[in-house]
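Here is the structure we will look at, set down as structure tokens.
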Amino acid sequence: MKVSIKELDKSFGQRVLFTDLDYTFAEGEVNVILGESGSGKTTLLNILSLYEPPDSGSVFYDGQIVSGLSSAKTRHIIRNNVGYVYQDIRLFDDLSVNDNLRLALHFSSLPRRKWQVSIDALLERFGLLQCRNSIAAELSGGEKQRIAIARAVVSGKNLLLADEPTGALDEENAYKVINLMKDISHNDGCTVIMVTHSMMVANEFSKICWLRQGVLCANKDVSHES
Numbered sequence: 001m002k003v004s005i006k007e008l009d010k011s012f013g014q015r016v017l018f019t020d021l022d023y024t025f026a027e028g029e030v031n032v033i034l035g036e037s038g039s040g041k042t043t044l045l046n047i048l049s050l051y052e053p054p055d056s057g058s059v060f061y062d063g064q065i066v067s068g069l070s071s072a073k074t075r076h077i078i079r080n081n082v083g084y085v086y087q088d089i090r091l092f093d094d095l096s097v098n099d100n101l102r103l104a105l106h107f108s109s110l111p112r113r114k115w116q117v118s119i120d121a122l123l124e125r126f127g128l129l130q131c132r133n134s135i136a137a138e139l140s141g142g143e144k145q146r147i148a149i150a151r152a153v154v155s156g157k158n159l160l161l162a163d164e165p166t167g168a169l170d171e172e173n174a175y176k177v178i179n180l181m182k183d184i185s186h187n188d189g190c191t192v193i194m195v196t197h198s199m200m201v202a203n204e205f206s207k208i209c210w211l212r213q214g215v216l217c218a219n220k221d222v223s224h225e226s
């Protein structure tokens with residue numbers, strides 16, 4: 001999916017986060033939004049996901065304007081297109097991994113008879129099949145994050161948005177998440193837009209943009225930035 005923004009503005013009271021943003025994200029690749037805490041990265045991600053409206057400007061999916069539509073149309077677009085990985089994960093801790101993923105399929109078009117096959121195939125691909133019947137609360141932080149990613153893509157979404165998916169992980173688990181993002185974009189053709197403040201994470205990808213002082217600019221080589 002091709003995602004772009006045009007003349008995007010967003011403020012909170014007197015605080016201006018960004019003004020007149022124009023950007024097109026690379027289709028079928030991992031796009032990293034890099035920036036310091038408080039720069040507006042999460043707000044931009046929420047606008048891209050249609051969970052939050054901009055003050056003005058537009059969001060486009062595959063060239064079609066998707067911002068500013070009715071609530072019913074917005075819900076339909078999100079359910080059919082958008083997977084979201086939250087910074088605080090938000091699994092149902094008292095449910096099994098399997099049930100967490102089944103819940104994500106309730107609003108999908110996938111026939112119910114195919115749910116388990118799809119879940120098992122995805123868990124095996126993510127190296128998590130052994131966790132299928134585990135209660136989510138019993139998982140490690142790295143396992144929870146990978147399950148959260150699986151939940152976001154299990155119904156075949158073509159846009160994955162991830163808010164600091166490596167932020168609370170050690171280096172080993174961070175690289176597992178990085179590799180999953182690469183796998184999802186490369187093998188599924190899914191457009192991934194990922195927010196991070198980590199230079200280490202950003203430098204694992206080629207499509208990088210900085211959000212700094214309200215300006216979004218592309219910068220493929222950020223290794224020299226501070």
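If you use UniProt numbering, the sequence shown corresponds to residues 1 to 226, in order. Positions of the beta carbon are idealized from the N, C-alpha and C atoms, including for glycine.
Do residue j and residue i come within 8 angstroms of each other at the CB atom, strictly closer than that value?
{"i": "Leu161", "j": "Ser39", "result": "no"}
{"i": "Lys6", "j": "Thr43", "result": "no"}
{"i": "Leu8", "j": "Asp163", "result": "no"}
{"i": "Leu17", "j": "Gly214", "result": "yes"}
{"i": "Phe92", "j": "Ala150", "result": "no"}
{"i": "Val32", "j": "Ala218", "result": "no"}
{"i": "Met1", "j": "Asp62", "result": "yes"}
{"i": "Pro165", "j": "Val85", "result": "yes"}
DSSP beta-bridge partners for residue i?
{"i": "Arg125", "result": "None; Arg125 has no bridge partner."}
{"i": "Ser196", "result": "Position check: residue 196 holds Thr in this sequence, whereas Ser was assumed. DSSP output for Thr196 lists Leu34 as bridge partner(s)."}
{"i": "Phe92", "result": "Answer is none; Phe92 lacks a bridge partner."}
{"i": "Arg15", "result": "Phe12"}
{"i": "Leu21", "result": "Leu8"}
{"i": "Thr74", "result": "Bridge partners of Thr74: none, in fact."}
{"i": "Ser108", "result": "For Ser108, which the question treats as bridged, DSSP gives no partner whatsoever."}
{"i": "Ser56", "result": "Asp9"}
Alpha helix (DSSP H) containing residue i: first to last residue?
{"i": "Glu164", "result": "It is not in any alpha helix (DSSP H) - Glu164 carries neither H nor E in the DSSP assignment."}
{"i": "Ile208", "result": "Careful: Ile208 lies outside any alpha helix (DSSP H), inside the beta strand (DSSP E) at Lys207 to Arg212."}
{"i": "Glu7", "result": "From DSSP, Glu7 is part of no alpha helix (DSSP H) but of the beta strand (DSSP E) over Val3 to Phe12."}
{"i": "Val153", "result": "Gly141 to Val153"}
{"i": "Ser185", "result": "Glu171 to Asp188"}
{"i": "Val66", "result": "It is not in any alpha helix (DSSP H) - Val66 carries neither H nor E in the DSSP assignment."}
{"i": "Leu45", "result": "Lys41 to Leu48"}
{"i": "Leu103", "result": "Val97 to Ala104"}
Among the candidates the options, whose CA atom is the shortest distance from the CA of residue i?
{"i": "Cys209", "options": "Ser49, Ser134, Phe25 and Leu8", "result": "Phe25"}
{"i": "Ile193", "options": "Arg15, Phe18 and Ser49", "result": "Ser49"}
{"i": "Val97", "options": "Leu129, Ala121, Met199 and Asn81", "result": "Leu129"}
{"i": "His106", "options": "Asn80, Glu124, Tyr86 and Asp120", "result": "Asn80"}
{"i": "Asn187", "options": "Tyr23, Leu95, Val30 and Lys2", "result": "Val30"}
{"i": "Leu216", "options": "Glu36, Arg15, Glu27 and Phe60", "result": "Glu36"}
{"i": "Gly13", "options": "Glu27, Val201 and Asp55", "result": "Asp55"}
{"i": "Gln87", "options": "Phe205, Val195, Ser206 and Glu204", "result": "Val195"}
{"i": "Phe126", "options": "Gln64, Tyr23 and Leu180", "result": "Leu180"}
{"i": "Glu171", "options": "Gly141, Cys131 and Leu34", "result": "Gly141"}
What are the boundary residues of the beta strand (DSSP E) that includes residue i?
{"i": "Ala137", "result": "No beta strand (DSSP E) holds Ala137; DSSP gives it neither H nor E."}
{"i": "Ala218", "result": "Val215 to Ala218"}
{"i": "Gly83", "result": "Val82 to Val85"}
Does the stretch 139-147 come within contact of the stretch 64-84, defined as at least 3 CB pairs closer than 8 angstroms? no
Whether or not the stretch 92-102 and the stretch 149-167 are in contact is what I'm after, with contact meaning three or more pairs of Cβ atoms, one per stretch, closer than 8 angstroms; do they touch? yes
Check whether the stretch 158-175 and the stretch 185-202 are in contact - that is, three or more C-beta pairs closer than 8 angstroms. yes
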